[in-house]
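Asks: In the working numbering, the protein residues as written are 7 to 216.
Beta carbons: idealized from backbone N, C-alpha and C, even for Gly.
The structure that follows is given in the form of structure tokens.
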């Protein structure tokens, strides 16, 4: 996998987080494979390759589909809500990068989660709540809160609120990775065709193995 495809993988992680946030907010549920891949990426901080962060390219299928839809030239395929979530996550990453104290605090809190996985399943409700608390305590104070649209009955449920915040945190993790790999916002604006082409290649590799 070349450097450009690695950036696509990380950006697909951001897009997948945004799509899953929308799903939880609207339906109170999210694709289990994709959800686990994003949440698990939060504790995989010492991997040998970009794809290892998510387990496999198959685990990012929703993210790739979302990325392709959002950057395609077909306006009907785009979802303004998902676009807003993606832009907000990327914006938070830029603010986080400028705050060494927040970066340090985030690192320490993630290390705590890593230690807790020795005793609790990462996908246990309590652990998802702990991840949500990291987002609330460390990330939310960085700037304007991301307004989540959805079904009020779903958004009122604590478990769904925790899932949304944990997913936003996972999106931020992917955004940090994307930046580390050389990703820049202007690339999304000016290299859309290349990004979509690479994303389609990765998506086809999933279909080939199925």
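(1) Which complete alpha helix (DSSP H) runs does the stretch 75-121 hold, if anything under 4 residues is left out?
(2) Could you tell me the distance, in whole angstroms, from the CA atom of residue 98 to the CA atom of residue 156?
(3) Compute the Euclidean distance between the alpha carbons of residue 112 and residue 188, then round it to the nearest angstrom.
(4) With a 10 Å radius around its C-beta and 16 neighbouring C-beta atoms as the bar for buried, classify residue 179 as buried or exposed.
(5) Got a sec? Which residues, its chain only, sit under 6 Å from residue 34 by beta carbon, not counting five neighbours each side?
(6) If you compare alpha carbons, which of 138, 13, 65 and 141 is closest to residue 211?
(7) Please report the distance separating the alpha-carbon of residue 162 from that of residue 28.
(8) Excluding the 5 residues flanking residue 89 on each side, which residues of the same chain have their C-beta closer than 7 Å to its C-beta?
(9) If I measure Cβ to Cβ from residue 142 and keep anything under 7 Å in the same chain, skipping five residues before and after, which residues do I get?
(10) Are the CB atoms of residue 61 and residue 101 nearer to each other than 8 Å?
(11) Where do the N-terminal and C-terminal ends of the alpha helix (DSSP H) with residue 177 fall, by residue?
(12) Look up residue 157 in the DSSP assignment and say whether it is helix, strand or coil.
(13) So what does DSSP say about residue 5, is it helix, strand or coil?
(14) Under 8 Å Cβ to Cβ from residue 133, same chain only, skipping five residues before and after it: list those, please.
(15) Report buried or exposed for residue 67, applying the criterion of at least 16 other Cβ atoms within 10 angstroms of its Cβ.
(16) Can you tell me which of 164, 92, 183 and 52 puts its alpha carbon nearest to the alpha carbon of residue 16?
(17) With DSSP as the reference, label residue 7 as helix, strand or coil.
(18) Using alpha carbons as the reference points, say which of 151, 204, 19 and 52 lies closest to residue 42.
Replies: Straight from the coordinates:
(1) 86-103
(2) Here residue 98 refers to the residue found at position 92 when the chain shown is read from its first residue. Here residue 156 refers to the residue found at position 150 when the chain shown is read from its first residue. Distance between the alpha carbons of residue 98 and residue 156: 21 Å.
(3) What you label residue 112 is simply residue 106 of the chain shown in a count that begins at 1. What you label residue 188 is simply residue 182 of the chain shown in a count that begins at 1. Residue 112 and residue 188: Cα-Cα distance of roughly 21 Å.
(4) For the purposes of this step, residue 179 is taken as the residue at position 173 of the chain shown. So residue 179 counts as buried.
(5) Locating residue 34 in the chain shown gives position 28, where the first residue counts as 1. The answer, listed in chain order, is 160 and 166.
(6) Residue numbering aside, residue 211 sits at position 205 when the chain shown is read from its first letter. For residue 211, the nearest C-alpha among the options comes from 65.
(7) Counting from one through the chain shown, the residue named residue 162 turns up at place 156. Counting from one through the chain shown, the residue named residue 28 turns up at place 22. For residue 162 and residue 28, the distance between alpha carbons rounds to 14 Å.
(8) The count along the chain shown starts at 1 and reaches residue 89 at position 83. Correct list, in chain order: 76.
(9) In the chain shown, the residue the question calls residue 142 occupies position 136. Taken in chain order, the residues that qualify are 171.
(10) On the chain shown, residue 61 is found 55 positions in, with the first residue counted as 1. On the chain shown, residue 101 is found 95 positions in, with the first residue counted as 1. It is not a contact, given that the beta carbons lie outside the stated cut-off.
(11) Along the chain shown, one-based indexing puts residue 177 at 171. First-last of the alpha helix (DSSP H) with residue 177: 164-186.
(12) The residue labelled residue 157 in the question sits at position 151 within the chain shown. In the structure shown, residue 157 sits in coil (DSSP, three-state: anything other than H, G, I, E or B).
(13) Nothing in the structure corresponds to residue 5, since the chain is present only between 7 and 216.
(14) Here the question's residue 133 lines up with position 127 in the chain shown. Within the same chain, residue 133 has close Cβ partners 119, 122, 123, 126 and 127.
(15) Taking the first residue of the chain shown as 1, we reach residue 67 at position 61. With 16 or more Cβ atoms within 10 Å of its Cβ, residue 67 is classed as buried.
(16) For this step, residue 16 is matched to residue 10 along the chain shown. Comparing Cα-Cα distances from residue 16 to each of 164, 92, 183 and 52, the minimum goes to 183.
(17) Residue mapping note: residue 7 aligns to position 1 of the chain shown, counting from 1. Residue state, collapsed to three classes: coil.
(18) Counting from one through the chain shown, the residue named residue 42 turns up at place 36. The option with the nearest alpha carbon to residue 42 is 19.
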